[in-house]
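Peer 1:
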Amino acid sequence: MTRDPFLSDEPYRFMIGTCVYFDAVIGAAGDLRNPARRTMLDSRTAQILNEFVRAPGTLLNFERLAAQTASRDTPEPDRLVELARVVRVLRQTLRSIDPSSIYIVRMPRLGYALIAPVTVIRM
């Protein structure tokens with residue numbers, strides 16, 4: 091039986107698409123890499139990417155993702171602005187590692203989805 095990486099504090103590596111690797115401990119900062127480049131992610135950006143790799147190909151609504159980027163006492167409009175900033179940084183980082191692919195799409199008024207395949211690799 092395979093262990094669920096999302097229920098563990100152990101580090102896991104996620105292969106996103108064909109050449110981007112995401113190393114993370116759930117709830118902590120992580121990094122994105124390919125063989126030639128490594129980029130550290132802050133904890134908010136890593137949390138959003140964790141949400142995406144948990145459900146590749148699934149549309150995640152703005153509210154679910156925004157809850158990961160701001161404290162509970164932050165007003166909703168500010169949460170959505172912060173979410174847009176974090177997703178923009180994540181897209182730019184992914185594009186800098188692999189400029190030939192699109193990883194995250196936005197569906198207006200609905201949410202975002204990671205459209206690349208994800209493979210879990212135990213470290």
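Numbering-wise (my numbering), the sequence shown opens with residue 91 and increments by one. Glycine included, every Cβ here is placed at the ideal spot set by N, Cα and C. Since the model is a prediction, treat every value here as computed from it, not as a measurement.
Using the beta-carbon count (16 or more within 10 Å), is Q137 buried or exposed?
Peer 2: buried
Peer 1: Between which two residues does the alpha helix (DSSP H) harbouring D121 extend?
Peer 2: Taken as a continuous stretch (DSSP letters only), D121 belongs to no alpha helix (DSSP H), being part of the beta strand (DSSP E) at 120–124.
Peer 1: Where P207 and V177 are concerned, what is the direct C-alpha to C-alpha distance, given to the nearest angstrom?
Peer 2: 18 Å
Peer 1: Taking only three categories from DSSP, how would you classify R196?
Peer 2: strand
Peer 1: Looking at C-alpha atoms only, which residue of V210, Y111, G120, R134 is the closest neighbour of A126?
Peer 2: Y111
Peer 1: Between which two residues does the alpha helix (DSSP H) harbouring D163 extend?
Peer 2: Run containing D163: none; DSSP gives neither H nor E here.
Peer 1: Given R103, which residues of its chain have a CB within under 6 Å of its CB, disregarding the five upstream and five downstream residues?
Peer 2: Sequence-distant partners of R103 (beyond 5 residues in either direction) whose C-beta falls short of 6 Å from its own C-beta, in its chain, are Y111, D113, I211, M213.
Peer 1: Which runs of the beta strand (DSSP E) fall wholly inside the region 122–157 and span at least 3 residues, in chain order?
Peer 2: For secondary structure counted as the beta strand (DSSP E) over 3 or more consecutive residues, the region 122–157 holds these complete runs in sequence order: 127–131.
Peer 1: With DSSP collapsed to three states, give me the class of I106.
Peer 2: Of the three classes helix, strand and coil, the one that applies to I106 here is strand, per DSSP.
Peer 1: Who are the near neighbours of T135 in its chain, counting only those whose CB is closer than 7 Å to its CB and skipping five residues on each side?
Peer 2: V176, V179, L180
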